[in-house]
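Participant: Chains as they are written, first to last, in numbering that gives the first Met the number 0: chain A, 0 to 426; chain B, 0 to 266.
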Amino acid sequence: MNRRRHDGPAATRLTWRDMAAEALAGVVQRPGRSVLTLLGTVLGVGAFVSVLGLTSTATGQIGASFSLLQDTTVTVDDTGATPHGSVASVAAQDAGMDAGMDFPADTDERLGRLNGVVDAGVWWNVPLRHPTVSARPEVTTAATTDSDLTGLRVLAASPGTLRAMQPTLSTGTLFNEFHQRRKERVCLLGSTAARLLGITRVDNRPAVFIDGAAYTVLGIVATTQRLPQSLLSVLIPSSAALHAYGPPTDDPAQALIRTRTGAAPLVARQAPLALLPVHPGLLHAVPPPDPHELRDRVDTDLSGLFLVLAAICLIVGAVGIANTTLVSVLERTGEIGLRRALGARRRHITAQFLTESTALGALGGLTGTVIGVAVVIGTALARHWTAVLQPYAVLPAPLMGMAVGFLAGLYPALRAARIEPLEALRH
Amino acid sequence: MTSEYMASEYASPDYTTTATAPSPVLDLRRVCKVYPGSPPVTALHPTDLRVEAGDFLAVVGPSGSGKSTLLNLLGLLDRPTQGSYRLSGTDVATLTERDRAAVRGRRVGFVFQAFHLLPHRTALENVALARLYVTPRGAHRQADAARTLREVGLGHRLDALPSQLSGGERQRVAIARAVVNTPDILLCDEPTGNLDSATAGAVMDLLAELNQAGATIVVITHDPAVAQRARRRVTILDGRLSETACLSEKARLSETAKSGRTAGGPR
Ligand SMILES: Nc1ncnc2c1ncn2[C@@H]1O[C@H](COP(=O)(O)OP(=O)(O)O)[C@@H](O)[C@H]1O
Ligand SMILES: [Mg+2]
């Protein structure tokens, strides 16, 4: 079809700039109404941005506090589900395990063979009711004088456990496989335990008396990465503990594993099977919390509800814009008729009102984004967090407002275009 | 003050036609309008009407006689039921909606009884609105609007809102808006219907002045006094047009009675 008939005048047109200017004039000629119309969109977009922003900020916080240490630690608990001496225990004994404990004697080696394990070992609380721990051999007087030391505990630990703890010694050495094999009566002291016992050096080979039995102090643990209760304890080789005091009773034994970075989840899955191929269910491996899982939990629990609320706000906002645009179409019937008489085509009328509603939506979206960002930054500042605003949450927000305005304007704009100039101009 | 109206604007090549002999601006042959319904209303019986360039025609008739119907047909706001209508040589029946909009915007100027000014726009903006769909250059639109407002004697009220203008001033703004595109024809539907007689006289003076400067004008009115200012008069009664120099005595009496009843001050 010809763009221009030879006998008709050139088609009327409306440039993008003029359309935007006309729409803006329509928005600002009723500022109060425009502001009220925007509220729903502002709230919806603001809620959307702040929920996503707060979620990513909180998740970032979890990520920050989630240290490398936790990421490389796996513990294996003895569930104690089956009483000792049961079928399982008999089966366990067949597999060469210590009586009364589900962990096999070669736990350190079995775990050490797993891919990703750096060090691993078994430890437990030695089953002594009220052990008398003293730096002097006199049992009778020690019972009273050392009563304030009853907080001290005696831990049985395999050499692998000590290495997995990553301790720093202030003096001396760790006990090792040699002591373990010979069930040597040696011990390590936690820094607090050493202070309470008044022991500061080991070069003079001091001894600690546990219920009168002497244990030679090999070293003093100043700090430790894992198993912090060891600082309050006397640690003895697990073989010696088993020999002298029997297997753990009240508190079941636990395996402590230090893994390579990233290997923890895999090690946690494999450890029970490696230790008890027949009854892996008796052991429960605890991997470090997964940061992604944490974030997902925050996402679903916390923000799910708010995102639904944000969506509701957006719908309310859309209805508000649709309503206002429709009212303004009906109010401005005369204007529509006039514009048609001045050469406007139906599409120019549609475009004008659609641009008006889209501009309203965009304005609401922008305002909502600004408010949402302010909420996130304000919250982060108040809590001394680092505000994390993902571009994918912030950038589309004004566009979301625009989309809401556009959709809301469709019906009123099409209705405006259907208005006949003749009807509109009649008085 | 309106001498350049004809000289510079009206002779623009856009408005020349292909016909060798100058064709009339408006040429109606057997045009009629029947509003469907039960019973159908024949608002305009088959009518012949020619308006030459430079004419100043008044269509006079009582209320309900079909004046607005005729004007809406002339202004392409409505389509005739039958007959052919050529505007500046163009048979408008063949035009698409797009072209009809273009004819309305570029070749026709409308002046309404109720002014139809946008209340939130200044006089200047209201006049410039007529150029909005015609030319994309905003600065030119403003300049054209200002010049035309000066031509109708409102150079000092460019930035006034309609609410700050008197009825006569408002109709002057509306007339400026109607002529700013230098249309082939200026169509005025009861332009003085909302004005007192003194203001109405001034508005008719302005239309006469525009006509002197070359504008082709059709005014419809029920007021014989207003019609008296036109060069040529056509009477319409019950949808039938009759070109008479003066109204019959009976029609004149009834019209005088009607205008006495309906003429009011400015809104
Ligand atoms: N849209 C319409 N539908 C039906 N009848 C109409 C319509 N418009 C006008 N009429 C009728 O046509 C006749 C002429 O109307 P109109 O042209 O408005 O007269 P005027 O402008 O002279 O007062 C009247 O009888 C009126 O009732
Ligand atoms: Mg009428």
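We put the CB at the ideal spot given by N, CA and C, even for glycine. Only a predicted model underlies this, so the values are computations on that prediction, with no experimental measurement involved.
1) Is any beta-carbon of chain B found at less than 7 Å from that of residue 15 of chain A?
2) Using a Cβ-Cβ cut-off of 6 Å (strictly less than) and excluding sequence neighbours within five positions of residue 77 of chain B, which residues of its own chain qualify?
3) Taking 8 Å as the cut-off, does the stretch 179-187 of chain B touch the stretch 209-217 of chain B (at least 3 CB pairs, one atom from each stretch)?
4) Spell out whether any CB of chain A is found under 7 Å from the CB atom of residue 78 of chain B.
5) Mind checking which residues open and close the beta strand (DSSP E) that includes residue 237 of chain A?
6) First and last residue of the beta strand (DSSP E) that includes residue 283 of chain A?
7) Does the Cβ-Cβ distance between residue 104 of chain A and residue 256 of chain A come in under 7 Å?
8) Thinking residue 40 of chain A and residue 320 of chain A are a contact (beta carbons under 8 Å), I'd like their distance in whole angstroms, please.
9) Ignore the nearest five residues each way along the sequence and tell me which others in residue 413 of chain A's own chain have a CB closer than 8 Å to its CB.
10) Are the stretch 354-371 of chain A and the stretch 134-143 of chain B in contact at 8 Å, needing three or more beta carbon pairs?
11) Quick check: does the Cβ of residue 89 of chain B come within less than 6 Å of any heavy atom belonging to ligand 1?
12) Taking 7 Å as the threshold (beta carbon to beta carbon), is residue 85 of chain B in contact with chain A?
13) I'd like the list of long-range same chain contacts for residue 147 of chain B, defined as Cβ closer than 7 Å, with 5 residues on each side in sequence excluded.
14) Taking 6 Å as the cut-off, does the CB of residue 63 of chain B come closer than this to any heavy atom belonging to ligand 1?
15) Should residue 47 of chain A be labelled buried (16 or more other beta-carbon atoms within 10 Å of its own) or exposed?
16) Contact criterion: CB-CB distance below 7 Å. Does residue 390 of chain A meet it with respect to chain B?
17) Would you kindly work out how many angstroms separate the C-alpha atoms of residue 378 of chain A and residue 401 of chain A, rounded to a whole number?
18) Does DSSP classify residue 17 of chain A as helix, strand or coil?
19) Would a check of beta-carbon distances place residue 34 of chain B closer than 7 Å to chain A?
20) With DSSP collapsed to three states, give me the class of residue 421 of chain A.
21) Pick from A:263, A:312, A:318, A:279: whose alpha carbon is nearest that of residue 113 of chain A?
22) Is there a Cβ from chain B that is less than 7 Å from the Cβ of residue 334 of chain A?
23) Which whole-angstrom value describes the C-beta separation of residue 217 of chain A and residue 173 of chain A, a residue pair presumed to lie in contact below a C-beta threshold of 8 Å?
24) How about residue 144 of chain B and residue 11 of chain A: are their beta carbons less than 7 Å apart?
25) Give the DSSP-derived three-state secondary structure of residue 279 of chain A in the structure shown.
26) For a contact defined as C-beta to C-beta under 8 Å, what are the partners of residue 28 of chain A on chain B?
27) Are the stretch 272-280 of chain A and the stretch 222-233 of chain A touching, with three or more C-beta to C-beta distances below 8 Å?
28) Check distances from the C-beta atoms of the stretch 351-364 of chain A to those of chain B and list, in chain order, the residues that come in under 8 Å.
29) Buried or exposed for residue 35 of chain B, please, with buried defined as at least 16 other CB atoms from any protein chain shown within 10 angstroms of its CB.
30) Please go through the same chain and pick out, in chain order, the residues whose beta-carbon is closer than 7 Å to the beta-carbon of residue 406 of chain A, but skip the five residues on each side of it.
31) Around the C-beta of residue 139 of chain B, are 16 or more other C-beta atoms found within 10 angstroms, so that it is buried, or is it exposed?
32) Only counting the same chain, and skipping five residues up and downstream in sequence, which positions put a Cβ closer than 8 Å to that of residue 204 of chain A?
33) Let's see if you can read the secondary structure: which residues bound the alpha helix (DSSP H) around residue 369 of chain A?
34) Taking the runs of the beta strand (DSSP E) that are 3 residues or longer, which of them lie wholly in the stretch 195-242 of chain A?
Facilitator: Looking at the atomic coordinates:
1) When Cβ-Cβ separations below 7 Å define contact, residue 15 of chain A makes no contact with chain B.
2) By the criterion of a C-beta distance shorter than 6 Å, residue 77 of chain B is surrounded in its chain by 71, once the five residues flanking it on both sides are discounted.
3) A contact exists between the stretch 209-217 of chain B and the stretch 179-187 of chain B.
4) Residue contact check for residue 78 of chain B against chain A: no CB pair falls below 7 Å.
5) Looking at the DSSP string, residue 237 of chain A is not in any beta strand (DSSP E); the run it does join, the alpha helix (DSSP H), is 237-244.
6) Residues 282-285.
7) No.
8) Indeed they touch by this definition, with Cβ atoms about 7 Å apart.
9) Short of 8 Å from the beta carbon of residue 413 of chain A, and not among the five residues preceding or following it, lie these beta carbons of its own chain, in chain order: 349.
10) Three or more beta-carbon pairs separated by less than 8 Å are not found between the stretch 354-371 of chain A and the stretch 134-143 of chain B, which leaves the two stretches without contact.
11) Residue 89 of chain B: no, Cβ never under 6 Å from ligand 1.
12) With its beta carbon at least 7 Å from every one in chain A, residue 85 of chain B lies outside the interface.
13) If the five residues before and after residue 147 of chain B are omitted, its C-beta is found closer than 7 Å to the C-beta atoms of 126, 175, 178, 179, all from its own chain and listed in chain order.
14) For ligand 1, at least one heavy atom lies less than 6 Å from the Cβ of residue 63 of chain B.
15) That one is buried.
16) With 7 Å as the cut-off, residue 390 of chain A does not count as an interface residue toward chain B.
17) If I take the Cα positions, the gap works out to 27 Å.
18) In the structure shown, residue 17 of chain A sits in a helix (DSSP, three-state: H, G or I).
19) Residue 34 of chain B does not count as touching chain A.
20) Residue state, collapsed to three classes: helix.
21) Nearest Cα to residue 113 of chain A within the set A:263, A:312, A:318, A:279: A:263.
22) Interface residue, yes.
23) Residue 217 of chain A to residue 173 of chain A, Cβ: 7 Å. Contact.
24) Contact flag unset, no.
25) The answer is helix: DSSP assigns residue 279 of chain A an H, G or I state.
26) Result: 119.
27) Touching, no.
28) Going along the stretch 351-364 of chain A in chain order, one finds no residue with a Cβ nearer than 8 Å to chain B.
29) Residue 35 of chain B is exposed by the Cβ-count criterion.
30) 317, listed in sequence order.
31) The residue is exposed, with fewer than 16 neighbouring Cβ atoms inside 10 Å.
32) Excluding residues within five positions, the ones whose Cβ falls inside 8 Å are 215, 216.
33) It spans 345-382 - the alpha helix (DSSP H) in which residue 369 of chain A sits, taken as one unbroken run.
34) Counting whole runs of 3 or more residues, the stretch 195-242 of chain A contains the beta strand (DSSP E) stretches 206-209, 212-223, 232-236.
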